[in-house]
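Trainee:
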Amino acid sequence: MKKSLLFILGLLLFIFTSCEYKIIEPIIVELPDEPVIFSEQVEPFLFDKCGSSCHSSQSPILTIGNAYDNLIEGGYINTDNPPASEVYIKVNSGHHSSNPLSPEEMAYLLKWIEEGAIEN
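Under the working numbering, the residues of the sequence shown are numbered 125 to 244, in order.
#1: Report the three-state DSSP secondary structure of Pro-224 (helix, strand or coil).
#2: Taking the alpha carbon of Ile-201 as the reference point, which residue from Ser-163, Asp-157 and Ala-241 has its own alpha carbon closest?
#3: I need the boundaries of the alpha helix (DSSP H) containing Ala-102, first residue and last residue.
#4: Going by the CB atoms, is the gap between Phe-169 and Leu-234 shorter than 9 angstroms?
#5: Which one of Asp-172, Ile-185, Glu-154 and Asp-193 has the shortest CA to CA distance from Asn-244?
#6: By the 10 Å Cβ neighbour count, where 16 or more other Cβ atoms means buried, how is Pro-184 classified, buried or exposed?
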């Protein structure tokens, strides 16, 4: 019994001391005070990074002229809690790590959602 308990404690000690944690510093991006224009400041990078490959045929379709409707109607936007928006969570989690959004693009996406995700 003592050997089993010592083994388990030793194993737990090994697991917890062998983990490495990296502190990720948030990147602060200052954007202009003007409202974000979806068709000029969000849709182009969504198409470039997502809609020109996987999301030209997979939901949400993020091609030019279709991205807004697909994001809104598909429930990918949460204006009550913008950081909880599915589209923001996906791109922020490295969903497409081969072509990730830049910190500035992430900031524009979040600001657009915070402003009510208006189509303009």
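Using N, Cα and C, we set each Cβ at its ideal position, and we do this for glycine too.
Mentor: So, from the listed chains and residues:
#1: Translated into the one-based positions of the sequence shown, residue 224 becomes position 100. The answer is coil: DSSP assigns Pro-224 none of H, G, I, E or B.
#2: Taking the sequence shown and counting its residues from 1, one reaches residue 201 at position 77. Minimum Cα distance to Ile-201 is reached at Ala-241.
#3: Because the chain is modelled from 125 through 244, residue 102 falls outside the range shown and cannot be assessed.
#4: Numbered from its first residue, the sequence shown carries residue 234 at position 110. Numbered from its first residue, the sequence shown carries residue 169 at position 45. The answer is no: Cβ separation not under 9 angstroms.
#5: For the purposes of this step, residue 244 is taken as residue 120 along the sequence shown, with counting starting at 1. For Asn-244, the nearest C-alpha among the options comes from Asp-193.
#6: In the sequence shown, residue 184 corresponds to position 60, counting from 1. Looking at its Cβ environment, which holds 16 or more other Cβ atoms inside 10 Å, Pro-184 is buried.
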